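Asks:
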Amino acid sequence: MTNIVEAFTDPQLLGQSFGEDTREAWRAVLSGAFALPMDDDRLALFKRLSGDREPPQRQARELWAIAGRRSDKTHTAAGIAVYLATIGAELDGTLARLTAGERGVVQLLAVDRQQAKVALGYVRGLFADSPVMSSLVEKENTEGVLLRNGVSIEVATNSHRAVRGRTLLAAILDECAFFKDEATATPDVEVYRALVPSLATTGGMLVGISSPYARRGLLYSKWRKHYGKPGDVLVVQGGTLDFNPTLDPRVIAEAEQDDPEAAKAEWHGQFRADVEGFVTREAVDACTVPARIELPPVAGERYTAFVDPSGGSKDAFTLAIAHQSDGVAVVDAIRAQKPPFSPEAVVKEFAGLLKEYRISKVVGDRYGGEFPRELFRKQGIAYKLSDRPKSDLYRDMLPLLNSGRVELLDNGRLQNELTSLERRTSRAGKDSIDHPPNGTDDVVNAVAGCIIEAAKPKAVPRVRRMGDSISSGSNSGSSVLDRIAQGQKASGRLASTRRSFLRDADGFG
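If you're matching positions, the sequence shown starts at 1 in the UniProt record's numbering and goes up one per residue.
(1) Could you give the DSSP three-state label for Leu43: helix, strand or coil?
(2) Taking all protein chains shown into account, do 16 or more other C-beta atoms lie within 10 angstroms of the C-beta of Gln107, making it buried, or fewer, making it exposed?
(3) Could you check whether Gly104 and Leu169 sit closer than 8 Å to each other, using their CB atoms as the reference points?
(4) Would Val347 and Leu375 qualify as a contact pair, given that the criterion is a beta-carbon distance under 8 Å?
(5) Check Ile470 in the structure and name its three-state DSSP category.
(6) Are the C-beta of Val279 and some C-beta of chain D separated by less than 8 Å?
(7) Taking all protein chains shown into account, do 16 or more other C-beta atoms lie within 10 angstroms of the C-beta of Gly487, making it buried, or fewer, making it exposed?
(8) Please give the ranges of any beta strand (DSSP E) in the segment 285-351, keeping only runs that are unbroken, at least 3 residues long and fully inside the region.
(9) Pull the bridge partners of Gln237 from the DSSP assignment, please.
(10) I need the DSSP call for Gln486, collapsed to helix, strand or coil.
(11) What are the start and end residues of the alpha helix (DSSP H) that includes Ile452?
(12) By the 10 Å Cβ neighbour count, where 16 or more other Cβ atoms means buried, how is Ile334 classified, buried or exposed?
(13) Among residues of its own chain, excluding the 5 on either side of Ala382, which ones have a beta-carbon nearer than 8 Å to its beta-carbon?
(14) Below 6 Å CB to CB, which residues in the same chain sit around Leu120 once its five sequence neighbours on both sides are set aside?
(15) Under a Cβ-count criterion, where at least 16 other Cβ atoms within 10 Å of its own Cβ denotes burial, should Ala490 be classed as buried or exposed?
(16) In chain order, what residues of the same chain lie with their CB nearer than 7 Å to the CB of Ala291, ignoring the 5 residues before and after it?
(17) Helix or strand or just coil, what does DSSP make of Ala7?
(18) Apply the 10 Å Cβ neighbour rule to Lys225 and answer buried if 16 or more other Cβ atoms are within range, or exposed otherwise.
(19) With respect to the beta strand (DSSP E) encompassing Thr419, which residues constitute its N-terminal and C-terminal limits?
(20) Which residue wins for smallest C-alpha separation from Arg413, given the options His435, Ser17, Val406, Leu400?
(21) Would you mind sorting Gln324 into buried or exposed? The rule is 16 or more other CB atoms within 10 Å of its CB.
(22) Any idea what DSSP makes of Glu143, helix, strand or coil?
(23) First and last residue of the alpha helix (DSSP H) that includes Gly15?
(24) Secondary structure at Ile381, three-state DSSP: helix, strand or coil?
(25) Are Ala320 and Lys338 closer than 8 Å when you measure CB to CB?
(26) In the DSSP output, what is Gln57 paired with across the bridge?
(27) Decide if Met1 is buried, meaning its Cβ has at least 16 other Cβ atoms within 10 Å, or exposed.
(28) For the beta strand (DSSP E) that Thr157 lies in, which residues bound it at each end?
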């Protein structure tokens, strides 16, 4: 029976797409993963990519391939999926482990819908290029390819919900370091946890192919635990020129000059050292009030609001409302309108909510120039431009979170966006905080803005002297009032000093 390297080089099978001599690195990786014999040159290449470990004695249970950009990762992932759904399913005997009438599934999970379309296009093209392989196709649809051998290749976006309850022959994760899901801050880990039981019945193979990113997450965890070490989990790592020697080296050289740290990840296959997590899950959970979805307006309370506008085609239009209570910034309400939507309709809805909280002025960023400000003015709400970029809002929010001076709503999207925020350090040593690639921060931006507004010291009432008869004497009313006012000012200065100390302690001062 034909093995995967032979299938990738045979023009009658998959060789039309993978037969080039420049794909030797991928052949070395697949030879090691499927326990195939290698000559000295291929073995030396395998060891260089695998951290100098010996090849597995039998087919690897998991393969994690870390490669730079333009390494033909998605195309290779599609090729592995096609092989495991056809020749591999027969060779491994995984079809025999299915019950009567059960259809086996090889699942290829992509980072988003656009990438899923690309992957599905590769799968279809691999079948179309081979008369032998195309004869196995029973039907194609928008989600994958159904084969005559009782196996389906399904291409979808990463979602742990789509995986559960399935019997899988194999699973391939394309660009898993960049998986995103609004329902969880760790979509890669959630998908992995869902896949393992789904593969248990058949003993199917799990493959992850991705460029690296930050030193966290599933891919980094697998690399740290298994790279260069024996076992049935194989981790390989290489740069773009290792996997695609046809790329012009000048492209990489220019990228290194522009941003050396980014180039290490994108072109050299190294995890980034300049990207760190921003706030811990423990800190967010400690500030979250369980089961508190929203707080109604209370008479006499002073509320603040922050808005993150959107044009209605890509990002969400978000609003957050908060107030201060005993030195704690309390988030009262959150609104998030996902696209598509009419900005005019959303502003009208948000203005109605603001008026319920007796708010006549909202703070927001500079998005859209005059357009969003004019929309709010038409609804009787003044729009004040924020004097801080969102990175500064996040930085100033951190000590409030870490010291427990914030009460957050029990909102899953808020929690996930908060814990997904990243701190990046530039070559000049300046920190910036933002969402990760393919991520969002629409909700947390609005919440951070309203928290900072609510945390500002409350104005001290001005005390007027009532006359000499009251102001004379050490126990006069005016002296007492003066001391109270001075004490309040001192308290404000103390709070300001404490905030500054906390920022310095957290490394963001």
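From the three backbone atoms N, C-alpha and C, an ideal C-beta is built for every residue, glycine too. Please read these numbers as outputs of a predicted model, since none were measured by experiment.
Replies: Result, derived from the coordinates:
(1) The residue labelled residue 43 in the question sits at position 43 within the sequence shown. Note: Leu43 maps to helix in three-state DSSP.
(2) The residue you call residue 107 lines up with position 107 of the sequence shown. By the neighbour-count rule (16 or more Cβ atoms within 10 Å), Gln107 is buried.
(3) Position 169 of the sequence shown holds residue 169. Position 104 of the sequence shown holds residue 104. Leu169 places its beta carbon less than 8 Å from that of Gly104.
(4) Taking the sequence shown and counting its residues from 1, one reaches residue 347 at position 347. Taking the sequence shown and counting its residues from 1, one reaches residue 375 at position 375. Yes, these two residues count as a Cβ contact at 8 Å.
(5) One-based indexing of the sequence shown puts residue 470 at position 470. For Ile470, the pLDDT reaches just 37, beneath the cut-off of 50, and the residue's location in the model is therefore unreliable, although a value from the coordinates is still provided. Reduced to three states, the DSSP call for Ile470 is helix.
(6) Absent from the structure: chain D. Only one protein chain is present.
(7) On the sequence shown, residue 487 is found 487 positions in, with the first residue counted as 1. Because the pLDDT at Gly487 is just 41, under 50, the model does not fix this residue reliably, and the point stays unresolved.
(8) You should have 303-308, 317-325, 328-337.
(9) Within the sequence shown, numbered from 1, the residue matching residue 237 stands at position 237. DSSP lists Ile66 as partners of Gln237.
(10) Here residue 486 refers to the residue found at position 486 of the sequence shown. Bear in mind that a pLDDT of 43 at Gln486, under 50, signals an unreliable position, so the model cannot answer this.
(11) Walking along the sequence shown from the start, residue 452 turns up at place 452. Counted as a single uninterrupted DSSP element, the alpha helix (DSSP H) harbouring Ile452 occupies residues 442-455.
(12) On the sequence shown, position 334 is the one that residue 334 refers to. Buried, because 16 or more other Cβ atoms sit within 10 Å of the Cβ of Ile334.
(13) Position 382 of the sequence shown, counted from the first residue, corresponds to residue 382. Contacts found: Ser360, Lys361, Val362, Phe376.
(14) For this step, residue 120 is matched to residue 120 along the sequence shown. Around Leu120: Val155.
(15) Stepping through the sequence shown from its first residue, residue 490 is reached at position 490. Here the model assigns Ala490 a pLDDT of 38, short of 50, so the residue's position is not dependable, and the following value carries that caveat. That one is exposed.
(16) The count along the sequence shown starts at 1 and reaches residue 291 at position 291. For Ala291, where only same-chain residues beyond five positions count, the Cβ hits under 7 Å are Asp410.
(17) Translated into the one-based positions of the sequence shown, residue 7 becomes position 7. Note: Ala7 maps to helix in three-state DSSP.
(18) By one-based count along the sequence shown, residue 225 stands at place 225. Classified as exposed, Lys225 has fewer than 16 neighbouring CB atoms from the shown chains inside 10 Å of its CB.
(19) What you label residue 419 is simply residue 419 of the sequence shown in a count that begins at 1. Bounds of any beta strand (DSSP E) do not take in Thr419; it lies within the alpha helix (DSSP H) bounded by 412-420.
(20) Within the sequence shown, the letter at position 413 stands for residue 413. For Arg413, the closest of His435, Ser17, Val406, Leu400 by C-alpha to C-alpha distance is His435.
(21) As a first step, residue 324 is located in the sequence shown; it is residue number 324 there, counting from the start. Under this definition Gln324 is a buried residue.
(22) Start at 1 with the first residue of the sequence shown, and residue 143 comes out as number 143. Glu143: coil per DSSP, three-state reduction.
(23) For the purposes of this step, residue 15 is identified with residue 15 of the sequence shown, where counting begins at 1. Gly15 -> alpha helix (DSSP H) spans 15-18.
(24) For the purposes of this step, residue 381 is taken as the residue at position 381 of the sequence shown. Here Ile381 sits in coil by DSSP.
(25) Position 320 of the sequence shown, counted from the start, is the residue given in the question as residue 320. Position 338 of the sequence shown, counted from the start, is the residue given in the question as residue 338. The answer is no: Cβ separation not under 8 Å.
(26) Position 57 of the sequence shown, counted from the first residue, corresponds to residue 57. Partner(s): none; Gln57 has no beta bridge.
(27) Taking the first residue of the sequence shown as 1, we reach residue 1 at position 1. A residue is called buried once 16 or more other Cβ atoms fall within 10 Å of its Cβ, and Met1, having fewer, is exposed.
(28) Numbered from its first residue, the sequence shown carries residue 157 at position 157. Its beta strand (DSSP E) spans residues 151-157.
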